[in-house]
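Q: Below you'll find the structure I mean.
Protein chains: 2
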Amino acid sequence: MNLPLHKSGAGAHDNPPSAKTAIESVYAAVREDILSGRLKPGSRLPIEHLRSHYEVGSSTVREALSRLVSDTLVTTEGQRGFRVAPISLADFREIVAMRKLLEAQALGEAIARGDDDWEAGIVAAFHRLSKVEEQLPTNAVRLAADWEQRNQAFHDALVAACGNRWLMHFRAILFAQSSRYLRISLTKRTVPRDVHAEHEALFQATLARDTELACRISDQHIELTVEVIAARMAQHGTDDI
Amino acid sequence: MNLPLHKSGAGAHDNPPSAKTAIESVYAAVREDILSGRLKPGSRLPIEHLRSHYEVGSSTVREALSRLVSDTLVTTEGQRGFRVAPISLADFREIVAMRKLLEAQALGEAIARGDDDWEAGIVAAFHRLSKVEEQLPTNAVRLAADWEQRNQAFHDALVAACGNRWLMHFRAILFAQSSRYLRISLTKRTVPRDVHAEHEALFQATLARDTELACRISDQHIELTVEVIAARMAQHGTDDI
DNA sequence: GTCAAACATTATATCGATATTTGTTTGTTT
DNA sequence: AAACAAACAAATATCGATATAATGTTTGAC
């Protein structure tokens, strides 16, 4: 967990805007702590604990947690308080299935509708991602956060021209859920995989406007994470709860 | 809007469970008021107003509204309070596009995995729906609420065997959004349409396990609502905001 | 007559205290 | 010793009050 951050305009997120109000600060902080795994899946989120930790009132904490509920990062039942949403291999498989569906759909629409600005955005994002992926083998741990940011930016750029806001919304939710799982595998690589090659192939196919090929690569790209996570979770014994 | 309901265990919803706590009561009530159109799209949701109306504290209202935010039925920006999520024809078109995608996917998986219980559930739900659709032409207004409930139950039954919880979750969100629009057209029918025939075709194709046909019918079934809503919204001048 | 700045008003965001509920421990009974 | 019940402890849900920001209005200048 972090140090108190109330009224410090920090927070390098794009999805939850800038975080001006106290609720938004706590929302962003808890969200980040969940995504990063600092708050363990299934663990309780005691109000009083968070309240003193973030130095805010209890209602503020409750409201922040409430907003995380429908993001499905936090659960709440009856009168038993809040919990970090649990994870499981089965859940991850369902997330992956959905991501394949939505990502392919978004990619197809983006390819059909994208203009020159869209292409330029992809080129730029791919360049930034490539830069960090070159050094990734030697400096994996140090660059992990940077890579994750640029990876997301690249994938966002690919579908930026997709006109459907609902598709983008659901896609963002699933991406956040995925990253909870993927951070498990960031530190130690169990399944060999040339991620950069996948990204490059996706990059080429998209700019060539080859929808069918791009979608096929996207599917594989997402599907490959399953093996990685399955291996890690089996090894950790984290496959339930 | 409704009468106060705090601590009265009412609420005929299934999605938001039974509503035991005050927050859940307010959540369910506001949700229903939004879906039914009693709370107009884009209108403000002043805390004090709701507080006295539902006879609860302000924090309770805030928390209930917060949970509606990520359901995308309520919006909130900065320090400007809460609003009912706006509607627009463009938004509805995007919802429809997503629903076609997800409904077809869910239907396909359900057909592939469904067992006898699944079939039985469909038969029962279809029977219940048919009963009310027979009388619909003569008694449209009186049966509207009943029809809506059974219609949802039927469509839920069709995809009940789909194993992907995320798919079901997103589907439920979109269904709720849709119903905000569809209630506009429930009272007065502008575009002639034999809904029962569509339901029967969908019923037959699904039980025959003809995935391709069922998905095609499902697509058409959803797509047809666009014309209905487009006509109504143009006529109402509600196409923006 | 238009614009802008200070003020008043309204409503939001936030807080800490209180009342219920849940979970646990202790003590009693068969 | 096991099962049950009552009392205790911890944490949640809820409340109303206060501080703070946003909005609307009046006043004053150009």
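Protein chains in written order, with this note's numbering: chain Y, 2 to 242; chain X, 2 to 242. Here a beta-carbon is modelled for each residue, glycine too, at the ideal position from N, C-alpha and C.
Apart from the five residues on each side of it in sequence, which residues of its chain come closer than 8 angstroms, Cβ to Cβ, to residue 134(X)?
A: What you label residue 134(X) is simply residue 133 of the second sequence in a count that begins at 1. So the qualifying residues of the chain are 148, 196, 197 and 200.
Q: By DSSP, does residue 77(Y) sit in helix, in strand, or in coil?
A: If you number the first sequence from 1, residue 77(Y) lands on position 76. Correct three-state label for residue 77(Y): strand.
Q: Can you check whether the CB of residue 86(Y) is closer than 7 angstroms to the CB of residue 75(Y)?
A: Position 74 of the first sequence, counting from 1, holds the residue named residue 75(Y). Position 85 of the first sequence, counting from 1, holds the residue named residue 86(Y). The answer is yes: Cβ separation under 7 angstroms.
Q: For chain X, check one thing: does any of its Cβ atoms lie closer than 7 angstroms to the Cβ of residue 99(Y)?
A: Numbered from its first residue, the first sequence carries residue 99(Y) at position 98. Chain X, which has a Cβ nearer than 7 angstroms to the Cβ of residue 99(Y), makes this yes.
Q: Pair every Cβ in the region 109-119 of chain X with every Cβ in the region 61-75 of chain X, then say whether three or more of these pairs are closer than 8 angstroms.
A: no
Q: Considering only C-alpha positions, which residue in the set 228(Y), 27(Y) and 175(Y) is nearest to residue 52(Y)?
A: Mapped onto the first sequence, residue 52(Y) falls at position 51. If we check each option's Cα against that of residue 52(Y), 27(Y) comes out closest.
Q: Could you tell me which residues DSSP puts in a beta bridge with residue 83(X)?
A: The residue labelled residue 83(X) in the question sits at position 82 within the second sequence. Looking at the DSSP assignment, residue 83(X) forms a beta bridge with 77(X).
Q: Taking residue 102(X) as the reference, which of 233(X), 56(X), 236(X) and 224(X) has the closest Cα?
A: Here residue 102(X) corresponds to residue number 101 of the second sequence, with the count starting at 1. Comparing C-alpha distances from residue 102(X) to each of 233(X), 56(X), 236(X) and 224(X) shows the shortest one belongs to 224(X).
Q: Which of the three DSSP states, helix, strand or coil, is assigned to residue 184(Y)?
A: Locating residue 184(Y) in the first sequence gives position 183, where the first residue counts as 1. Three-state DSSP puts residue 184(Y) in a helix.
Q: Please confirm whether residue 102(X) has its beta-carbon closer than 7 angstroms to some beta-carbon of chain Y.
A: For this step, residue 102(X) is matched to residue 101 along the second sequence. Answer yes: the Cβ-Cβ gap between residue 102(X) and chain Y drops below 7 angstroms somewhere.
Q: Thinking just about the alpha-carbon of each residue, which of 194(Y), 61(Y) and 207(Y) is nearest to the one in residue 121(Y)?
A: One-based indexing of the first sequence puts residue 121(Y) at position 120. Of the candidates 194(Y), 61(Y) and 207(Y), the one whose C-alpha sits nearest the C-alpha of residue 121(Y) is 207(Y).
Q: I need the DSSP call for residue 45(Y), collapsed to helix, strand or coil.
A: What you label residue 45(Y) is simply residue 44 of the first sequence in a count that begins at 1. Shown here, residue 45(Y) sits in a strand according to DSSP, grouped into three states.
Q: Quick one, which residues of the region 208-227 of chain X are near chain Y if we go by CB-CB under 8 angstroms, in chain order?
A: none
Q: With a 10 Å radius around its C-beta and 16 neighbouring C-beta atoms as the bar for buried, classify residue 1(Y) as buried or exposed.
A: The question about residue 1(Y) has no answer here: the residues shown for chain Y are numbered 2 through 242.
Q: Which stretch, first to last residue, makes up the alpha helix (DSSP H) that contains residue 118(Y)?
A: Position 117 of the first sequence holds residue 118(Y). Taken as a continuous stretch (DSSP letters only), the alpha helix (DSSP H) holding residue 118(Y) covers 117-135.
Q: For the 8 angstroms Cβ check, are there 3 or more pairs between the region 166-173 of chain Y and the region 129-144 of chain Y?
A: no
Q: Taking Cβ-Cβ distances shorter than 9 angstroms, what residues in chain X pair up with residue 168(Y)?
A: Start at 1 with the first residue of the first sequence, and residue 168(Y) comes out as number 167. Within 9 angstroms Cβ-Cβ: 95, 98, 99 and 102.
Q: Taking residue 57(X) as part of the alpha helix (DSSP H), name the residues at either end of that continuous run.
A: Stepping through the second sequence from its first residue, residue 57(X) is reached at position 56. Here residue 57(X) belongs to no alpha helix (DSSP H), and DSSP marks it neither H nor E.
Q: So, does the CB of residue 45(Y) fall closer than 7 angstroms to a CB anywhere in chain X?
A: Locating residue 45(Y) in the first sequence gives position 44, counting from the first residue. With 7 angstroms as the cut-off, residue 45(Y) does not count as an interface residue toward chain X.
Q: From which residue to which residue does the alpha helix (DSSP H) around residue 112(Y) run?
A: Residue mapping note: residue 112(Y) aligns to position 111 of the first sequence, counting from 1. Element bounds for residue 112(Y): 90-114.
Q: Quick one: grab the DSSP three-state call for residue 160(X).
A: Position 159 of the second sequence, counted from the first residue, corresponds to residue 160(X). Three-state DSSP puts residue 160(X) in coil, outside helix and strand.
Q: Show which residues of chain X have a CB atom less than 7 angstroms away from the CB atom of residue 63(Y).
A: Along the first sequence, one-based indexing puts residue 63(Y) at 62. 64, listed in chain order.
Q: Measuring only the C-alpha atoms, how far is residue 33(Y) from residue 61(Y)?
A: Locating residue 33(Y) in the first sequence gives position 32, counting from the first residue. Locating residue 61(Y) in the first sequence gives position 60, counting from the first residue. Their Cα atoms are separated by approximately 17 angstroms.
Q: Can you give the Cα-Cα distance for residue 235(Y) and residue 227(Y), rounded to whole angstroms?
A: As a position in the first sequence, residue 235(Y) is number 234, starting the count at 1. As a position in the first sequence, residue 227(Y) is number 226, starting the count at 1. Using only the alpha carbons, I get a separation of about 12 angstroms.
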